[in-house]
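Have a look at the structure below, then the notes.
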Amino acid sequence: MQSPLPVRKEANHYRVQKARGKAVDILYSLFRYALVIGISFIIVYPLIMKFSIAFKDKTDIYNPTIYLIPVHFTLDNIKMAMQILDYFPLLGNTLLFVVVTTLLTTASCALAGYGFARFSFPGSNILFALVVLTLLVPTSTLMVPMYLHFRSFDILGLVQLFTGKDGINLLNTYWPSVITSATAIGLKAGLFIYIFRQFFKGMPKEIEEAALIDGAGGVKTFLRIMLPNAVSPMITVILFCFVWQYNDTFFTSLFMSEVALMPTKVSSLAAQANALLPGLLGTGAGGSNIKADPNHVAMIIDTGILLAIIPLILLYMVVQRYFVESVERSGIIG
Amino acid sequence: MRGNKLSLNHKRSFLGIAFITPWLLGFVFLFATPLIQSIKFSFSKLTVDPSGFSLNWVGWSNFNNALFIDASFNRVLTESVRDMVLNVPMILFFSLFSATLLNQKFRGRILARAIFFLPVILASNAISAAEASGLINLVGDATAVNELGQSGSQYNVMSMVMILSDIGLPLSFVDYIVDAILRIYEIITSSGVQILIFLAALQSVPGAMYEVAKIEGATAYESFWKITFPLVSPLILTNVIYTIIDSFSGSTVTRMIFTTAFTTQNFGLSAAMSWIYTLIISLILIIVGYGLSKRVHYN
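Here is the structure:
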């Protein structure tokens with residue numbers, strides 16, 4: 037037996053190395069936490085600010101010692117912003133509109149995605165290239181013709197044939213958005229078709245063959261077997277579609293500038309608050325020239341924005357866990 | 002057996018066409034037709050009257066107006082392109098970085114992911130338009146807000162500029178980094194979808210590869226550049242294209258095209274502007290797509 041020294045030395049060496057590895061790990065995870073918390077803070081900060089402002093009393097604006105937690109709690113801002121926005125009717129309207137368009141978009145995009153993923157027909161690749169093209173062409177290029185198209189809506193001159201009129205004016209109704217979403221050409225529909233196609237392409241072919249042998253037709257296979265399995269891309273598409281429709285100002289201001297919807301109302305909130313605030317406070321009664329306090333107007337605007345995004349945040353809180361997990365399996369990537 | 006005259010293949014292809022019919026109708030009537038019309042509009046003077054509209058052929062004069070006569074179109078267009086060129090690398094870098102961060106295992110990862118995707122939910126032109134008249138902006142114009150923010154956070158950008166230029170980095174690069182740091186909120190809020198796409202890509206990298214690399218003695222840095230990066234690279238192309246399109250969708254040019262059409266009622270000029278704009282975007286996309294796709298690693 038030789039001296040035990042080298043063995044001990046080796047053990048020591050390992051211990052030091054292990055300790056060093058552990059220290060590096062701890063340092064790294066601290067660094068990571070600092071980063072994650074920092075970035076999260078930057079994202080959440082405006083929201084926290086808005087919450088704080090929403091419950092702040094007017095007098096608190098001028099108190100420089102108040103940072104986040106107001107001294108005088110009040111619900112006045114929320115009440116006033118609700119009055120200016122005409123909140124609940126507006127929210128109801130918007131939700132109805134968004135839910136209908138979301139469902140139609142999801143349905144039509146799922147159909148198209150399945151069609152492109154599982155069937156080969158003449159020109160299918162060219163047609164799919166055209167789907168990608170719809171994503172690439174900026175919407176502003178189609179704006180004027182679309183506007184004129186819906187101003188006197190007529191397909192193949194059918195309306196003219198039956199009524200003798202030059203087509204129907206669909207502007208300022210829900211129809212333009214309903215039609216575009218039912219035909220999978222609306223807001224970012226190309227992306228949704230793409231997501232569905234990727235997912236259906238990844239499903240095993242054997243399932244369909246088994247269904248075919250069991251006597252299910254194409255439509256039945258789609259409804260009974262493919263759709264129930266497509267929950268994860270469905271959630272991704274529904275969430276994206278819902279949120280983007282809810283926030284969209286482009287199509288709503290183009291087609292429905294006079295329909296009261298959340299995005300159009302929120303973007304004109306500043307002018308509205310300026311005009312209505314004195315009346316609500318009782319100072320500007322009788323059309324006098326008293327102007328609203330700009331800081332107060334700003335508070336109302338911030339509260340209004342908060343009111344507008346709260347439904348989205350609630351929705352997100354409900355589905356986020358499922359959403360974040362489903363994204364990993366939804367086949368966004370090839 | 003009536004109705005079974007068609008071969009199975011034929012039946013399948015008819016079924017496939019049936020599935021894409023809604024989209025096909027929409028494409029033909031609500032995409033292709035307007036697209037062709039808009040080309041026509043850009044070469045004509047369009048007057049809207051109560052019964053419809055009438056067109057007068059004017060040749061290239063709308064394009065001429067947009068490029069050489071209109072006072073601001075050129076400037077706005079180049080500014081948008083420049084902003085895009087500056088933004089895309091920052092967004093890409095940040096989203097890849099966040100995605101690798103979020104892909105690691107640590108406590109509270111679910112919460113962190115939920116927060117990182119929050120900007121996808123909250124990004125909205127309407128809200129940013131309203132926010133522009135919110136409380137902070139009453140302080141004055143943007144520069145005042147910036148200065149105020151800097152003095153408030155007691156963080157001096159100059160010190161960082163000094164350090165970075167002392168290291169020997171070229172001044173333009175230092176400028177770029179500082180600009181990125183000052184606009185961190187904007188960058189974070191516009192990279193939600195990109196983080197999602199990268200994260201999905203990272204999830205699909207087989208874990209065994211990392212194990213092998215570790216056994217072979219690769220450091221985390223090496224395994225990132227030799228394993229993660231090549232496998233994620235196809236998605237870099239996707240993300241670049243998405244970011245370019247996304248950054249244009251709410252740009253000043255789009256707004257300008259909108260106001261030209263609906264405020265000044267100059268539909269022909271607006272169509273010409275939007276076509277110049279479309280062509281420039283497609284050109285950028287083709288160059289970027291071609292340049293990147295040669296470097297991308299496919300399995």
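Just so you know, the protein sequences line up as chains U and C, in that order. Mapping the first sequence onto my numbering, position 52 (from 1) lands on 88, and the numbers just tick up by one. Mapping the second sequence onto my numbering, position 111 (from 1) lands on 112, and the numbers just tick up by one. Beta carbons are placed, not taken as given, at the ideal position from N, Cα and C, and that holds for glycine.
(1) Going by DSSP, which residues form a beta bridge with S45/C?
(2) Which whole-angstrom value describes the C-beta separation of L348/U and Y282/U, a residue pair presumed to lie in contact below a C-beta threshold of 8 Å?
(3) Three or more C-beta pairs closer than 8 Å, one from the stretch 297–313 of chain U and one from the stretch 241–249 of chain U: is that the case here?
(4) Within 10 angstroms of its Cβ, does I73/U collect 16 or more other Cβ (buried), or is it exposed?
(5) Roughly how many whole angstroms lie between the Cα atoms of T216/U and G27/C?
(6) With a cut-off of 8 Å, do at least 3 Cβ pairs link the stretch 46–58 of chain U to the stretch 54–73 of chain C?
(7) Mind pulling the chain C residues with CB within less than 9 Å of G57/U?
(8) Report the residue from G269/C, S166/C and G290/C whose alpha carbon sits nearest the alpha carbon of F44/C.
(9) Who are F109/U's beta bridge partners in DSSP?
(10) Are the C-beta atoms of S248/C and some chain U residue less than 7 Å apart?
(11) Helix, strand or coil: how does DSSP classify I102/U here?
(12) Distance, Cα to Cα, F64/C vs I277/C?
(13) Please confirm if the stretch 197–212 of chain C is in contact with the stretch 231–247 of chain C, defined as three or more CB-CB distances below 8 Å between the two stretches.
(14) Could you confirm whether any beta carbon from chain C is found closer than 7 Å to the beta carbon of I345/U?
(15) Under 7 Å, Cβ to Cβ, is there at least one residue of chain U near G290/C?
(16) Could you tell me which residues DSSP puts in a beta bridge with F189/U?
(17) Would DSSP call D338/U helix, strand or coil?
(18) Quick one: does E148/C have its CB under 7 Å from some CB of chain U?
(19) Can you pull the chain C residues whose beta carbon is under 7 Å from the beta carbon of F152/U, in chain order?
(20) For F67/U and M239/U, I'd like the C-alpha separation in whole angstroms.
(21) Under 7 Å, Cβ to Cβ, is there at least one residue of chain U near T255/C?
(22) On a CA-only basis, which of F20/C, I21/C, L25/C and W58/C is nearest Q38/C? Give me that one, please.
(23) By a C-beta neighbour count over all protein chains shown, 10 Å radius and 16 as the cutoff for buried, is F20/C buried or exposed?
(24) Helix or strand or just coil, what does DSSP make of D50/C?
(25) At least one CB of chain U closer than 7 Å to the CB of V297/C: is that the case?
(26) Can you confirm whether the stretch 100–116 of chain U touches the stretch 180–191 of chain U when touching is taken to mean that 3 or more C-beta pairs between the two stretches lie within less than 8 Å?
(27) Taking Cβ positions, are I229/U and V167/U nearer each other than 7 Å?
(28) For F278/U and chain C, any beta-carbon pair shorter than 7 Å?
(29) So, is the C-beta of V135/U closer than 7 Å to a C-beta in chain C?
(30) Below 7 Å between beta carbons is the criterion; list the residues of the stretch 9–39 of chain C that meet it against any residue of chain U, in chain order.
(31) Below 8 Å on C-beta distance, what does F54/C contact in chain U?
(32) For a contact meaning CB atoms closer than 8 Å, what does Q105/C contact in chain U?
(33) Can you list the residues of chain C that S160/U reaches, using a CB-CB cut of under 8 Å?
(34) In whole angstroms, what is the alpha-carbon distance linking I216/C and K54/U?
(35) Please work out which residues of its chain come closer than 7 Å, Cβ to Cβ, to S324/U, disregarding the five sequence neighbours upstream and downstream, and give them in chain order.
(36) Go ahead and pull the three-state DSSP assignment for K224/U.
On the basis of the supplied data:
(1) Taking the second sequence and counting its residues from 1, one reaches residue 45/C at position 44. The partner list for S45/C (beta bridge, DSSP) reads W58/C.
(2) Counting from one through the first sequence, the residue named residue 348/U turns up at place 312. Counting from one through the first sequence, the residue named residue 282/U turns up at place 246. About 6 Å separates the two Cβ atoms, so the contact holds.
(3) No, the stretch 297–313 of chain U is not in contact with the stretch 241–249 of chain U.
(4) Start at 1 with the first residue of the first sequence, and residue 73/U comes out as number 37. Exposed.
(5) The residue you call residue 216/U lines up with position 180 of the first sequence. The residue you call residue 27/C lines up with position 26 of the second sequence. Those two C-alpha atoms are separated by around 7 Å.
(6) No, the stretch 46–58 of chain U does not touch the stretch 54–73 of chain C.
(7) Counting from one through the first sequence, the residue named residue 57/U turns up at place 21. In chain order: nothing, as chain C lies at least about 12 Å away.
(8) Walking along the second sequence from the start, residue 44/C turns up at place 43. Checking every option, the nearest Cα to that of F44/C belongs to G269/C.
(9) Taking the first sequence and counting its residues from 1, one reaches residue 109/U at position 73. Answer by DSSP bridge pairing, in chain order: K92/U.
(10) Residue numbering aside, residue 248/C sits at position 247 when the second sequence is read from its first letter. At a cut-off of 7 Å between C-beta atoms, S248/C does not count as an interface residue with respect to chain U.
(11) As a working note, residue 102/U is residue 66 in the first sequence. Here I102/U sits in coil by DSSP.
(12) Mapped onto the second sequence, residue 64/C falls at position 63. Mapped onto the second sequence, residue 277/C falls at position 276. Approximately 8 Å, taken between the alpha carbons.
(13) Of all C-beta pairs linking the stretch 197–212 of chain C to the stretch 231–247 of chain C, three or more are shorter than 8 Å, placing the two stretches in contact.
(14) Reading the first sequence from its first residue, position 309 is the one you call residue 345/U. With 7 Å as the cut-off, I345/U counts as an interface residue toward chain C.
(15) Taking the second sequence and counting its residues from 1, one reaches residue 290/C at position 289. Judged by the 7 Å Cβ criterion, G290/C is not in contact with chain U.
(16) Position 153 of the first sequence, counted from the start, is the residue given in the question as residue 189/U. BP columns for F189/U point to I204/U.
(17) Stepping through the first sequence from its first residue, residue 338/U is reached at position 302. Three-state DSSP puts D338/U in a helix.
(18) Indexing the second sequence from 1 puts residue 148/C at position 147. Because the pLDDT at E148/C is just 49, under 50, the model does not fix this residue reliably, and the value given afterwards should be weighed accordingly. No - not a single Cβ of chain U is within 7 Å of the one on E148/C.
(19) Residue mapping note: residue 152/U aligns to position 116 of the first sequence, counting from 1. What F152/U touches in chain C: I21.
(20) Residue 67/U sits at position 31 when you count from the first residue of the first sequence. Residue 239/U sits at position 203 when you count from the first residue of the first sequence. Computed Cα separation, rounded: 40 Å.
(21) Looking up residue 255/C in the second sequence gives position 254. True, the Cβ-Cβ gap to chain U drops below 7 Å.
(22) Residue 38/C sits at position 37 when you count from the first residue of the second sequence. Comparing Cα positions, the closest option is W58/C.
(23) The sequence position of residue 20/C within the second sequence is 19, counting from 1. Counting Cβ neighbours within 10 Å, F20/C comes out buried, since at least 16 surround it.
(24) The residue given as residue 50/C occupies position 49 in the second sequence. D50/C falls in the strand class under three-state DSSP.
(25) As a working note, residue 297/C is residue 296 in the second sequence. By this cut-off, V297/C is not an interface position.
(26) No contact exists between the stretch 180–191 of chain U and the stretch 100–116 of chain U.
(27) Reading the first sequence from its first residue, position 193 is the one you call residue 229/U. Reading the first sequence from its first residue, position 131 is the one you call residue 167/U. Cβ atoms of I229/U and V167/U: closer than 7 Å.
(28) Residue numbering aside, residue 278/U sits at position 242 when the first sequence is read from its first letter. Chain C contact via Cβ: absent.
(29) Taking the first sequence and counting its residues from 1, one reaches residue 135/U at position 99. Cβ-Cβ to chain C under 7 Å: no for V135/U.
(30) Hits within the stretch, in order: R13, S14, L16, G17, I18, F20, I21, P23, W24, L26, G27, F28, F30, L31, F32, P35, L36, Q38 and S39.
(31) For the purposes of this step, residue 54/C is identified with residue 53 of the second sequence, where counting begins at 1. Those are L184, listed as they occur along chain U.
(32) The residue labelled residue 105/C in the question sits at position 104 within the second sequence. Within chain U, the residues near Q105/C are R68.
(33) Your numbering for residue 160/U matches position 124 in the first sequence. Near S160/U (Cβ distances below 8 Å), the residues of chain C are G17.
(34) Sequence index remark: in the second sequence, residue 216/C carries index 215 (1-based). Sequence index remark: in the first sequence, residue 54/U carries index 18 (1-based). If you take the alpha carbons of I216/C and K54/U, they lie about 16 Å apart.
(35) Mapped onto the first sequence, residue 324/U falls at position 288. With a pLDDT of only 49 at S324/U, under 50, the local geometry of the prediction cannot be trusted, and the value read off the model is given with reservation. Answer for S324/U: no residue qualifies.
(36) On the first sequence, residue 224/U is found 188 positions in, with the first residue counted as 1. Correct three-state label for K224/U: coil.
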